[in-house]
Amino acid sequence: MKTRHVLFFVLPALALYSLFVVYPLLDSLTLSFYSWKGVGPKVFVGLKNFKEMFFGSFSKEVFNAFFHNIYFFVVTSALELGLGFLIAFLLASKLRGTKIFRTVVYMPNMIPLVIVGFMWNLFLNPQIGLVNNFLKLVGLKSLARPWLGDPSTAFLSIILVNTWRHLGFYVLVILAAILNIPPDLIEAAYIDGANNRKIASKIVFPLVLPTFRTLLILLFIGSFNVFDMVYAMTGVQAGPFRKTDVLGTVFYRTAFGGLGSAYTDMGLGAAVTVFIFTIVMPLSILYVFLVERRERAW
Amino acid sequence: MRKLVVLMAILLCVVALAGEVNIWSWRSQDAEVWKQVEQELRKMGKDIKINFTAFAPTEYDAKIAVALQTGTGPDIVYSRRLPGGRTQTMIENGLYLPIDEYVDFSNFSETILKSVTFQGKRYGVPFAVQVVGIFYNKEYFDRFKLKEPETWDELVEIAKTLKKNGITPFFVPGKEAWALTMQHAMCGVSVLGPEWIKKLTDGETDFLDPKFTDLNRRLNELKVYYQDGFLANSTTDMDAAFAFGQAAMVFYGIWGYQNWKNLNPDIEVGYFMVPPLTKDQKPYAYVYMDGAITLTSNVKNLKDSIEVLKFCATPKFGTIFANITYNIPAVSGAEIPKIPLLEEIVDVYLNHASPYVYWVGSVFVTQKPSLYDDVLSPGMQEMYAGKITPEELSRRAQEAISQWYEPLKKRLGK
Numbered sequence: 117m118k119t120r121h122v123l124f125f126v127l128p129a130l131a132l133y134s135l136f137v138v139y140p141l142l143d144s145l146t147l148s149f150y151s152w153k154g155v156g157p158k159v160f161v162g163l164k165n166f167k168e169m170f171f172g173s174f175s176k177e178v179f180n181a182f183f184h185n186i187y188f189f190v191v192t193s194a195l196e197l198g199l200g201f202l203i204a205f206l207l208a209s210k211l212r213g214t215k216i217f218r219t220v221v222y223m224p225n226m227i228p229l230v231i232v233g234f235m236w237n238l239f240l241n242p243q244i245g246l247v248n249n250f251l252k253l254v255g256l257k258s259l260a261r262p263w264l265g266d267p268s269t270a271f272l273s274i275i276l277v278n279t280w281r282h283l284g285f286y287v288l289v290i291l292a293a294i295l296n297i298p299p300d301l302i303e304a305a306y307i308d309g310a311n312n313r314k315i316a317s318k319i320v321f322p323l324v325l326p327t328f329r330t331l332l333i334l335l336f337i338g339s340f341n342v343f344d345m346v347y348a349m350t351g352v353q354a355g356p357f358r359k360t361d362v363l364g365t366v367f368y369r370t371a372f373g374g375l376g377s378a379y380t381d382m383g384l385g386a387a388v389t390v391f392i393f394t395i396v397m398p399l400s401i402l403y404v405f406l407v408e409r410r411e412r413a414w
Numbered sequence: 409m410r411k412l413v414v415l416m417a418i419l420l421c422v423v424a425l426a427g428e429v430n431i432w433s434w435r436s437q438d439a440e441v442w443k444q445v446e447q448e449l450r451k452m453g454k455d456i457k458i459n460f461t462a463f464a465p466t467e468y469d470a471k472i473a474v475a476l477q478t479g480t481g482p483d484i485v486y487s488r489r490l491p492g493g494r495t496q497t498m499i500e501n502g503l504y505l506p507i508d509e510y511v512d513f514s515n516f517s518e519t520i521l522k523s524v525t526f527q528g529k530r531y532g533v534p535f536a537v538q539v540v541g542i543f544y545n546k547e548y549f550d551r552f553k554l555k556e557p558e559t560w561d562e563l564v565e566i567a568k569t570l571k572k573n574g575i576t577p578f579f580v581p582g583k584e585a586w587a588l589t590m591q592h593a594m595c596g597v598s599v600l601g602p603e604w605i606k607k608l609t610d611g612e613t614d615f616l617d618p619k620f621t622d623l624n625r626r627l628n629e630l631k632v633y634y635q636d637g638f639l640a641n642s643t644t645d646m647d648a649a650f651a652f653g654q655a656a657m658v659f660y661g662i663w664g665y666q667n668w669k670n671l672n673p674d675i676e677v678g679y680f681m682v683p684p685l686t687k688d689q690k691p692y693a694y695v696y697m698d699g700a701i702t703l704t705s706n707v708k709n710l711k712d713s714i715e716v717l718k719f720c721a722t723p724k725f726g727t728i729f730a731n732i733t734y735n736i737p738a739v740s741g742a743e744i745p746k747i748p749l750l751e752e753i754v755d756v757y758l759n760h761a762s763p764y765v766y767w768v769g770s771v772f773v774t775q776k777p778s779l780y781d782d783v784l785s786p787g788m789q790e791m792y793a794g795k796i797t798p799e800e801l802s803r804r805a806q807e808a809i810s811q812w813y814e815p816l817k818k819r820l821g822k
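Line by line, the protein sequences give chains D and F.
So the first sequence is residues 117 to 414, counted in my numbering.
So the second sequence is residues 409 to 822, counted in my numbering.
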């Protein structure tokens, strides 16, 4: 009787989850063993797609994107967590205007991504863009450049815009972790003569470290699933000459084609998603494990 | 009053009962065309409601492939030209239907019909012919007393004069790699010439020919006359910049004209083919068939869809199409707007189209690695960014195409 009740409540969610998560996942996995142009019969090719992806001429494109994903993760993590902690610490210290600043810092998160892409494409425009014109105004003309067209700055520009957009979320999560620290601990440290820097490094930072761990895993998963920001900023071609390419854009071009797509095959595209999945899945399990352990500890 | 109410009710019933035809396309600029087609059909006593939907060009092909296979596609779609892998696959899988028995193709030339013919059957009504080349702002040419160039060196001289006078000579949308490939291709037909491209196609020469590298070098040297930071600019930036006089020339296609005029009705645009190296060489233009209006296997309203397709094959459709889009209609006998630019473009299409090409419509883009997607698109950006030399670009083309193109393989003894 008890099991039947449990089933009654679990089944609807399970059915939806199976339909929208498990089934597409298994379907992608199956498709990765086929060659399919999106139309007509699927041809079973065994491991050919994976061979092409890791050892064939397609591997150059895939690994180029893979290393960009890693670079994205490293730089994004340093910026989001570093700046996030700094701003959260300042907000927690209840200076004047923190309430307004808390709203301001979260605002970019509420702007739809398409608008973010459009807006920053304008800001970074080499001729009429706000960024270059500002640099010229303050006498730093030599720093002005075609941000999204220069191979040395294009990807970093995307990472910085991504940081600008998501920083508010990390600030709020870290701020919540800081506010969870018992005030007695901090007060006692002050009484013992600790300054703000010491409190930040010796008390606050170690106590928010578990939150950092969780956020780091989320950042890793996000970095390997990144697509929208690159798509909005440099398009599906991930230019200039694939300097902003990530696995998400490789998948999109491969599966759905479009102008300038060198390889187009749904099966090969599915193999790319399987590759992304195998990278992200272990970390997702670890994330669930960590969250559950923290919940149990509370 | 009662009569009026009854009349209105009848009219409403007629409109409600009118057959609907759904059309999907990648060309959002054609929406107005279909409104006028609907009106024309109504004048002819055919109550057909046309629902036109446009999708982003990058997503369009995948969208129709999925929709047609799942039975959720429209009656009619815009299809890409033949020969081409995508359209051929759609035909082979029965998703596009032949229309020979319904449509009179007598208003189309055989050359144009080749782009919709597969195994002797015609799949769609061709809608436009595209002509690419250099478009220029006439005001600047008049102001500095410049004449359309007859040689490449004269083109460089024009760019020099403009730059000296503070005008950006060229606006190049370097962020969009396809536009750079198109630039290379339109220069190729004049600078290298159709004879050279024929030799390349026949395997009598190859990409390491100094002439090909020389063209790469000339393009690379021309970049000093492009706008600052051109590798970060899109075609949208280009449209605005050219329409509002921020640059004097663009390497583009006639399809841009509609947009430039919409943005700035006062702009006076001229056109010339990319000039060859010497005066004794004839200039050529890159001309290609854009696509076709095709009946799908998902057609729900066959009778009315055929009426629409029949109309698309008439000069009247061509006239509507040309007047709204300023594109050259594929159908003969259409009245082109009396605009000198369009008249010149039609003349170029009829008399100066290069018979041999290496971009859209050529054999070099039919397999992987393709000259378009794998070599010139990334390669031109890399060359312009200073990451590779003109020689390296030629070497890459040779290496890529010799992997699969039999005449080149044979030439290299592979």
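Ideal Cβ positions, reconstructed from N, Cα and C, are used throughout, including at glycine.
Within the segment 540-579 of chain F, ranges of the alpha helix (DSSP H) (whole runs, at least 4 residues):
Within the segment 540-579 of chain F, the complete alpha helix (DSSP H) runs of at least 4 residues are 546-551 and 560-572.
What are the partner residues of residue 761 of chain F, as DSSP defines its beta bridges?
Residue mapping note: residue 761 of chain F aligns to position 353 of the second sequence, counting from 1. According to DSSP, residue 761 of chain F bridges with F/693.
Note down, in chain order, every chain F residue with its Cβ under 9 angstroms from the Cβ of residue 154 of chain D.
Against the first sequence, residue 154 of chain D aligns to sequence position 38. Listed by position along chain F, the residues whose Cβ is nearer than 9 angstroms to that of residue 154 of chain D are 469, 470, 473, 474, 477, 494 and 497.
Please name the residue, chosen from D/300, D/335 and D/384, that lies closest to residue 198 of chain D on a Cα-to-Cα basis.
Walking along the first sequence from the start, residue 198 of chain D turns up at place 82. Ranking the options by Cα distance to residue 198 of chain D, first place goes to D/335.
Residue from D/302, D/326, D/341 and D/268 whose Cα sits closest to the Cα of residue 357 of chain D
Within the first sequence, residue 357 of chain D is the residue found at index 241, counting from 1. Looking at D/302, D/326, D/341 and D/268, the one whose alpha-carbon comes closest to that of residue 357 of chain D is D/268.
List the residues of chain F that residue 264 of chain D touches, going by C-beta distances under 8 angstroms, in chain order.
What you label residue 264 of chain D is simply residue 148 of the first sequence in a count that begins at 1. What residue 264 of chain D touches in chain F: 583 and 640.
Output the distance between the C-alpha atoms of residue 191 of chain D and residue 330 of chain D, rounded to the nearest integer angstrom.
Taking the first residue of the first sequence as position 1, residue 191 of chain D is located at position 75. Taking the first residue of the first sequence as position 1, residue 330 of chain D is located at position 214. The alpha-carbon atoms of residue 191 of chain D and residue 330 of chain D are separated by roughly 17 angstroms.
Presumed contact (8 angstroms Cβ cut-off) between residue 534 of chain F and residue 738 of chain F, rounded CB distance:
Mapped onto the second sequence, residue 534 of chain F falls at position 126. Mapped onto the second sequence, residue 738 of chain F falls at position 330. Sure, about 4 angstroms apart at Cβ, within 8 angstroms.
Which whole-angstrom value describes the C-beta separation of residue 639 of chain F and residue 571 of chain F, a residue pair presumed to lie in contact below a C-beta threshold of 8 angstroms?
Counting from one through the second sequence, the residue named residue 639 of chain F turns up at place 231. Counting from one through the second sequence, the residue named residue 571 of chain F turns up at place 163. Wrong, their Cβ atoms sit about 19 angstroms apart, outside the cutoff.
By Cβ distance below 8 angstroms, which residues in the same chain neighbour residue 559 of chain F in space, the five residues on each side in sequence not counted?
For the purposes of this step, residue 559 of chain F is identified with residue 151 of the second sequence, where counting begins at 1. Excluding positions up to five away in sequence, the list reads 683, 684, 685, 686 and 687.
So that I know if they touch, is there some Cβ in chain A lying closer than 8 angstroms to that of residue 466 of chain F?
Of the protein chains in the structure, D and F, none is chain A.
Hey, residue 544 of chain F and residue 575 of chain F: beta-carbon distance below 8 angstroms or not?
By 1-based counting over the second sequence, the position of residue 544 of chain F is 136. By 1-based counting over the second sequence, the position of residue 575 of chain F is 167. Not closer than 8 angstroms, so no.
Complete beta strand (DSSP E) runs within the segment 440-522 of chain F (minimum length 3 residues, chain order):
Taking 3 residues as the shortest admissible run, the segment 440-522 of chain F contains the following complete beta strand (DSSP E) segments, listed from N- to C-terminal end: 456-462 and 484-488.
Rounded to whole angstroms, what's the CA-CA distance from residue 154 of chain D to residue 532 of chain F? Just pull it up for me.
Position 38 of the first sequence, counted from the start, is the residue given in the question as residue 154 of chain D. Position 124 of the second sequence, counted from the start, is the residue given in the question as residue 532 of chain F. Cα to Cα, the separation comes out at about 21 angstroms.
Hey, quick one: how far does the alpha helix (DSSP H) through residue 703 of chain F stretch, first residue to last?
The sequence position of residue 703 of chain F within the second sequence is 295, counting from 1. Careful: residue 703 of chain F lies outside any alpha helix (DSSP H), inside the beta strand (DSSP E) at 699-703.
Is the segment 755-770 of chain F touching the segment 739-747 of chain F in the sense that three or more CB pairs, one from each, lie closer than 8 angstroms?
Segment contact: the segment 739-747 of chain F against the segment 755-770 of chain F, fewer than three CB-CB distances shorter than 8 angstroms; contact not assigned.
Out of curiosity, what's the CA-to-CA distance linking residue 796 of chain F and residue 387 of chain D?
Locating residue 796 of chain F in the second sequence gives position 388, counting from the first residue. Locating residue 387 of chain D in the first sequence gives position 271, counting from the first residue. In a straight line, the C-alpha of residue 796 of chain F is about 31 angstroms away from that of residue 387 of chain D.
Give, in chain order, every residue of the segment 179-199 of chain D whose Cβ lies closer than 7 angstroms to some Cβ of chain F.
Of all residues in the segment 179-199 of chain D, none has a Cβ within less than 7 angstroms of some Cβ in chain F.
When the Cα of residue 270 of chain D is compared with those of F/793, F/762 and F/674, which residue comes out closest?
Taking the first residue of the first sequence as position 1, residue 270 of chain D is located at position 154. Of the candidates F/793, F/762 and F/674, the residue whose Cα lies closest to the Cα of residue 270 of chain D is F/793.
Helix or strand or just coil, what does DSSP make of residue 433 of chain F?
Taking the second sequence and counting its residues from 1, the one referred to as residue 433 of chain F is at position 25. It is a strand residue.
Counting beta carbon pairs with one atom in the segment 783-792 of chain F and one in the segment 349-364 of chain D, are three or more of them shorter than 8 angstroms?
Contact between the segment 349-364 of chain D and the segment 783-792 of chain F is present, because at least three Cβ pairs lie under 8 angstroms.
Does the distance from the CB of residue 387 of chain F to the CB of residue 540 of chain F come in under 8 angstroms?
This structure cannot speak to residue 387 of chain F, because chain F is shown only from 409 to 822.
Secondary structure at residue 534 of chain F, three-state DSSP: helix, strand or coil?
What you label residue 534 of chain F is simply residue 126 of the second sequence in a count that begins at 1. Assigned with DSSP and collapsed to three states, residue 534 of chain F falls in strand.
Classify residue 302 of chain D as helix, strand or coil using the three-state DSSP reduction.
Taking the first sequence and counting its residues from 1, the one referred to as residue 302 of chain D is at position 186. In this structure, DSSP gives residue 302 of chain D a helical state, which the three-state scheme calls helix.
Pick out whichever of D/179, D/166 and D/188 has its Cα sitting closest to the Cα of residue 338 of chain D.
Position 222 of the first sequence, counting from 1, holds the residue named residue 338 of chain D. A check of alpha carbon separations from residue 338 of chain D across D/179, D/166 and D/188 identifies D/188 as the nearest.
Cβ of residue 577 of chain F within 8 angstroms of Cβ of residue 657 of chain F?
Within the second sequence, the letter at position 169 stands for residue 577 of chain F. Within the second sequence, the letter at position 249 stands for residue 657 of chain F. Yes.
Enumerate in chain order the residues of its own chain whose CB-to-CB distance from residue 430 of chain F is below 6 angstroms, with the five nearest sequence positions on each side excluded.
On the second sequence, residue 430 of chain F is found 22 positions in, with the first residue counted as 1. Cβ within range, chain order: 459, 482 and 483.
For residue 647 of chain F, decide whether its Cβ has a neighbour in chain D, counting only Cβ atoms nearer than 8 angstroms.
Taking the second sequence and counting its residues from 1, the one referred to as residue 647 of chain F is at position 239. Chain D contact via Cβ: absent.
Could you tell me the alpha carbon to alpha carbon distance between residue 720 of chain F and residue 728 of chain F, rounded to whole angstroms?
Here residue 720 of chain F refers to the residue found at position 312 when the second sequence is read from its first residue. Here residue 728 of chain F refers to the residue found at position 320 when the second sequence is read from its first residue. Rounded to the nearest whole angstrom, the C-alpha separation of residue 720 of chain F and residue 728 of chain F is 10 angstroms.
With distances taken between CB atoms, is the gap from residue 499 of chain F to residue 703 of chain F smaller than 8 angstroms?
Translated into the one-based positions of the second sequence, residue 499 of chain F becomes position 91. Translated into the one-based positions of the second sequence, residue 703 of chain F becomes position 295. Not a contact, by the Cβ cut-off of 8 angstroms.
Quick one, which residues of the segment 789-822 of chain F are near chain D if we go by CB-CB under 8 angstroms, in chain order?
Listed by position, the residues of the segment 789-822 of chain F near chain D (Cβ gap below 8 angstroms) are 789, 790, 793 and 795.
Below 7 angstroms CB to CB, which residues in the same chain sit around residue 196 of chain D once its five sequence neighbours on both sides are set aside?
In the first sequence, the residue the question calls residue 196 of chain D occupies position 80. Around residue 196 of chain D, the same chain offers 279, 282, 283, 286 and 335 as residues with beta carbons nearer than 7 angstroms, after the five sequence neighbours per side are excluded.
Do you know whose CA, among D/390, D/122 and D/257, lies nearest residue 341 of chain D's CA?
Taking the first sequence and counting its residues from 1, one reaches residue 341 of chain D at position 225. The shortest C-alpha to C-alpha distance from residue 341 of chain D to any of D/390, D/122 and D/257 is the one to D/390.
Alpha-carbon to alpha-carbon, residue 661 of chain F and residue 595 of chain F
The residue you call residue 595 of chain F lines up with position 187 of the second sequence. The residue you call residue 661 of chain F lines up with position 253 of the second sequence. The alpha-carbon atoms of residue 595 of chain F and residue 661 of chain F are separated by roughly 13 angstroms.
Residue burial classification, residue 712 of chain F (beta-carbon count within 10 angstroms, cutoff 16)
Position 304 of the second sequence holds residue 712 of chain F. Buried, because 16 or more other Cβ atoms sit within 10 Å of the Cβ of residue 712 of chain F.
Can you have a look at residue 573 of chain F and say buried or exposed, based on whether 16 or more other CB atoms are within 10 angstroms of its CB?
Within the second sequence, the letter at position 165 stands for residue 573 of chain F. Classification for residue 573 of chain F: exposed.
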